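> At position 179 of the sequence shown (counting the first as 1) the number is 177 in this note's numbering, and the numbers step up by one without a gap. Ideal Cβ positions, reconstructed from N, Cα and C, are used throughout, including at glycine. Keep in mind it's a predicted model, so treat the numbers as computed, not measured.
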Amino acid sequence: MGNRLSKIYTKTGDDGTTGLGDGSRVKKDSIRVETMGDIDELNCDIGLLRAEELPEAIDVVLKQIQNALFDIGGELSIPESNIFTPVIIEEIEIEIDRYNEILPPLKEFLIPAGSRGVALSHLCRSVCRRAERKLVRLSESEHVRAESQMFINRLSDYFFVLARIIGSHDKVIESLWER
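(1) So L47 and G115 are supposed to be a Cβ contact under 8 Å. How far apart are they, rounded?
(2) Taking the beta carbon of C122 as the centre, do at least 16 other beta carbons fall within 10 Å, making it buried, or is it exposed?
(3) Out of M148, I6 and G72, state which residue places its alpha-carbon closest to the alpha-carbon of L18.
(4) Hey, which unbroken runs of the alpha helix (DSSP H) at 4 residues or more fall wholly within the stretch 48 to 78?
(5) Could you tell me whether the stretch 55 to 72 touches the stretch 145 to 157, using the rule of 3 or more Cβ pairs below 8 Å?
(6) In chain order, what residues of the same chain lie with their CB nearer than 7 Å to the CB of I63, ignoring the 5 residues before and after it?
(7) Measure from the alpha carbon of L40 to the alpha carbon of each residue in A161, S173, I100 and C126, then state which is nearest.
(8) Put T8 into one of helix, strand or coil per three-state DSSP.
(9) Assuming G115 is part of the beta strand (DSSP E), what are its boundary residues?
(10) Spell out the partners DSSP gives L108 in its beta bridges.
(11) Nearest by alpha-carbon distance to I171: which of S75, N65, D20 and P110 is it?
(12) Measure the C-alpha to C-alpha separation of I76 and E93 and round it to an integer number of angstroms.
(13) So for G21, helix, strand or coil by DSSP?
(14) Among G21, D13, S28 and S22, which one has its Cα closest to the Cα of I139?
(15) Can you tell me whether E99 is buried or exposed, with buried defined as 16 or more other CB within 10 angstroms of its CB?
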């Protein structure tokens, strides 16, 4: 692979537009660019979560998720492209089911707290939900692959369950909502 990012600044965005992977230019505040930004922010938050001491099996899945998010970002950058491989959706569903089998049932909503890993997983979940809302909004006016939306939807569920698993691993008592 050559030098993909040999020059970081181009000055072409000084006019408030950014270049997409297909060569077209769009306004930096377009829903497409906002969605790409939310996907990127989620990827960064996952990086923060991965900086915690996590079981290796969790870290491996998180890295796969980060790669899949880059694929979705690529699809958003190159409209009508098919870069994202949807097989990871089933893998995430398997992880969610596997974790749910060992967790006690919930009796109330959870307060995002406990250990740093739990809080970061909940942060990933909430940023993922925002990215999903933007992806849905984008799909109302432009082509977005259904598989990308499905993945982001499953991913927020994954981070909810992962927060509980990390809390269990860290021996944290879950903080429940008190009415």
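On the basis of the supplied data:
(1) As a working mapping, residue 47 is identified with position 49 in the sequence shown. As a working mapping, residue 115 is identified with position 117 in the sequence shown. Indeed, because the Cβ distance is near 7 Å, the residues count as touching under 8 Å.
(2) Locating residue 122 in the sequence shown gives position 124, counting from the first residue. It counts as buried.
(3) Here residue 18 corresponds to residue number 20 of the sequence shown, with the count starting at 1. The shortest Cα separation from L18 among M148, I6 and G72 belongs to G72.
(4) List check, alpha helix (DSSP H) in window: 54 to 75.
(5) These segments touch.
(6) Translated into the one-based positions of the sequence shown, residue 63 becomes position 65. Counting only Cβ-Cβ distances below 7 Å, and skipping sequence neighbours, we find I44 and L153.
(7) Translated into the one-based positions of the sequence shown, residue 40 becomes position 42. Ranking A161, S173, I100 and C126 by Cα distance to L40 puts C126 first.
(8) Position 10 of the sequence shown, counted from the start, is the residue given in the question as residue 8. Three-state DSSP puts T8 in coil, outside helix and strand.
(9) The count along the sequence shown starts at 1 and reaches residue 115 at position 117. Note, G115: premise wrong, no beta strand (DSSP E); alpha helix (DSSP H) at R114 to S137.
(10) One-based indexing of the sequence shown puts residue 108 at position 110. Beta-bridge pairing links L108 to L174.
(11) What you label residue 171 is simply residue 173 of the sequence shown in a count that begins at 1. For I171, the nearest C-alpha among the options comes from P110.
(12) Counting from one through the sequence shown, the residue named residue 76 turns up at place 78. Counting from one through the sequence shown, the residue named residue 93 turns up at place 95. Computed Cα separation, rounded: 30 Å.
(13) On the sequence shown, position 23 is the one that residue 21 refers to. It is coil, neither helix nor strand.
(14) In the sequence shown, counting from the first residue as 1, residue 139 sits at position 141. According to the sequence as given, residue 139 is Ser; it is not Ile. Closest option to S139, Cα to Cα, is S28.
(15) For the purposes of this step, residue 99 is identified with residue 101 of the sequence shown, where counting begins at 1. Label assigned to E99: exposed.
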